[in-house]
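Peer 1: What follows is a structure written as structure tokens; I'll ask about it next.
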Amino acid sequence: MTESIMIEPSISMEHIGRIYKMISEIPFFKDARISAIEILPGGLTNSNYKVTIDEVTYAVRLAGAGTIEYLNRPAEKHNAQVMADIHISAPIIYYDETTGNQVCKYIDDCKTLHIPDFKEEESYLSMAAHVFKKYHDCQKEFISVFNPLKEIDAYIQLLAEKNFEFYEGAETMEKKIAEIKLLFKNNPPPQAPCHNDPLCENWLDDKKNFYLIDWEYGGMNDPLFDLGALSIEAELTDEQERFFLKEYFGGDLTEKQWGSLIINKFLCDALWAYWAVLQIAMGKSREEYWPYGLNRFNRAYTLIHNGSLDRAIKANQ
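Residue numbers (our numbering): 32 to 348.
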């Protein structure tokens with residue numbers, strides 16, 4: 032009897048081999064058979080696949096090369112499990128702390144969200160706000176800290192060690208980063224479990240639950256960083272941002288709350304701008320990562336240029 036296996040043609044032989052090897056070495060899948068491998072959307076760092084094994088679907092992640100240099104994989108394993116336990120993220124079947132490769136239960140019959148979903152359906156903004164609130168207030172502790180300022184410093188240091196260029200205007204950006212460091216030293220922001228990279232494609236809707244997956248950047252952080260990150264990723268208007276924050280806080284906004292969002296949006300874009308250039312320094316495609324980072328850099332720089340960041344810092348002093 033011939034066994035039929037469905038594999039998307041665009042998947043490389045290398046990744047097919049890695050998937051088979053990984054599954055074959057996991058005791059949970061002893062004597063199991065793969066019947067399909069499909070590409071999952073999203074992710075600049077890793078490669079993600081939907082793999083059907085013995086008629087059950089799983090999400091398989093092949094971690095990107097070099098990510099061990101700047102990601103705390105043991106912390107991700109712990110943090111993701113905490114989120115799975117409170118039904119925010121998918122159940123974890125297998126996690127390799129040395130590589131970051133993982134297998135999770137795939138959320139069947141789910142919709143992967145994209146930018147238009149958040150922009151066009153107000154209900155998704157409300158749902159996201161309540162998911163954020165649920166895990167920010169869950170009283171659980173992540174074993175890692177995600178400090179955007181320290182992350183930026185680390186990326187700057189790595190770029191300096193590799194003698195790699197950054198975008199023009201970096202001096203002005205670093206000056207504002209220093210101002211925020213002083214602000215946070217005098218007025219430390221609250222700390223809670225945070226995702227820190229809640230791009231639209233990390234949200235799944237199965238009409239029963241609303242999930243947030245992929246916790247590799249998870250850590251204790253200012254909760255407003257999560258909200259600022261989603262606002263950027265979903266390309267929200269000012270009006271949509273205000274609705275989003277009202278849903279999160281359960282009422283009208285203070286200038287301090289609005290200012291905190293602006294500060295965190297600035298830090299988010301600055302962080303990923305440095306991250307993008309670091310990817311190039313580590314050998315990835317300049318054609319892909321340079322414009323991605325430049326877009327982030329320019330958006331953060333706009334908050335400096337139009338005075339929004341200065342007003343936000345003043346409101347939080």
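We put the beta carbon where it would ideally sit given N, CA and C, even for glycine.
These figures come from a predicted structure and were not determined experimentally.
Going by CA-CA distance only, name the one from N347, A94, M37 that's closest to P219.
Peer 2: On the sequence shown, residue 219 is found 188 positions in, with the first residue counted as 1. Residue N347 is the option with its Cα nearest to P219.
Peer 1: By Cβ distance, which residues of its chain are closer than 8 Å to I42, with the 5 residues on each side in sequence left out?
Peer 2: Stepping through the sequence shown from its first residue, residue 42 is reached at position 11. Result list for I42: I68, I70, Y80, in chain order.
Peer 1: Does the Cβ of M32 have 16 or more other Cβ atoms within 10 Å, making it buried, or fewer, making it exposed?
Peer 2: Counting from one through the sequence shown, the residue named residue 32 turns up at place 1. The predicted model places M32 with a pLDDT of 49, which falls under 50 and marks its position as unreliable; any figure quoted below should be read in that light. By the 10 Å Cβ count, M32 comes out exposed.
Peer 1: Can at least three beta-carbon pairs, one atom from the region 165 to 174 and one from the region 240 to 254, be found at a separation below 8 Å?
Peer 2: Contact between the region 165 to 174 and the region 240 to 254 is present, because at least three Cβ pairs lie under 8 Å.
Peer 1: Per the DSSP calculation, C225 is bridged to which residue(s)?
Peer 2: By one-based count along the sequence shown, residue 225 stands at place 194. DSSP, once it has assigned bridges, lists G250 as partnering C225.
Peer 1: Would you decide whether T76 is buried or exposed? Buried here means 16 or more other CB atoms lie within 10 Å of its CB.
Peer 2: Numbered from its first residue, the sequence shown carries residue 76 at position 45. T76 is buried by the Cβ-count criterion.
Peer 1: Three or more C-beta pairs under 8 Å: does that hold for the region 241 to 248 against the region 90 to 107?
Peer 2: yes
Peer 1: Spell out the partners DSSP gives Q170 in its beta bridges.
Peer 2: Here the question's residue 170 lines up with position 139 in the sequence shown. For Q170, which the question treats as bridged, DSSP gives no partner whatsoever.
Peer 1: Answer yes or no: do W234 and A159 have a C-beta to C-beta separation smaller than 8 Å?
Peer 2: Here residue 234 corresponds to residue number 203 of the sequence shown, with the count starting at 1. Here residue 159 corresponds to residue number 128 of the sequence shown, with the count starting at 1. The answer is yes: Cβ separation under 8 Å.
Peer 1: When DSSP builds the beta bridges, which residues end up paired with T88?
Peer 2: The count along the sequence shown starts at 1 and reaches residue 88 at position 57. For T88, which the question treats as bridged, DSSP gives the partners T83.
Peer 1: Kindly indicate which residue of K206, S120, D237, D127 has the alpha-carbon position closest to the one of K142.
Peer 2: Locating residue 142 in the sequence shown gives position 111, where the first residue counts as 1. Out of K206, S120, D237, D127, D237 has the C-alpha closest to the C-alpha of K142.
Peer 1: Return the CA-CA distance between G48 and N329, expressed in angstroms with no decimal places.
Peer 2: Here residue 48 refers to the residue found at position 17 when the sequence shown is read from its first residue. Here residue 329 refers to the residue found at position 298 when the sequence shown is read from its first residue. Distance between the alpha carbons of G48 and N329 is about 40 Å.
Peer 1: Can you tell me which of the three DSSP states I65 falls into?
Peer 2: Residue 65 sits at position 34 when you count from the first residue of the sequence shown. Three-state result, I65: strand.
Peer 1: Which same chain residues end up closer than 7 Å to R317 when comparing Cβ atoms and leaving out the 5 residues on each side of it in sequence?
Peer 2: Sequence index remark: in the sequence shown, residue 317 carries index 286 (1-based). Correct list, in chain order: I311.
Peer 1: Following the continuous alpha helix (DSSP H) through F275, name the residue where it begins and the one where it ends.
Peer 2: In the sequence shown, the residue the question calls residue 275 occupies position 244. Note, F275: alpha helix (DSSP H), 269 to 280.
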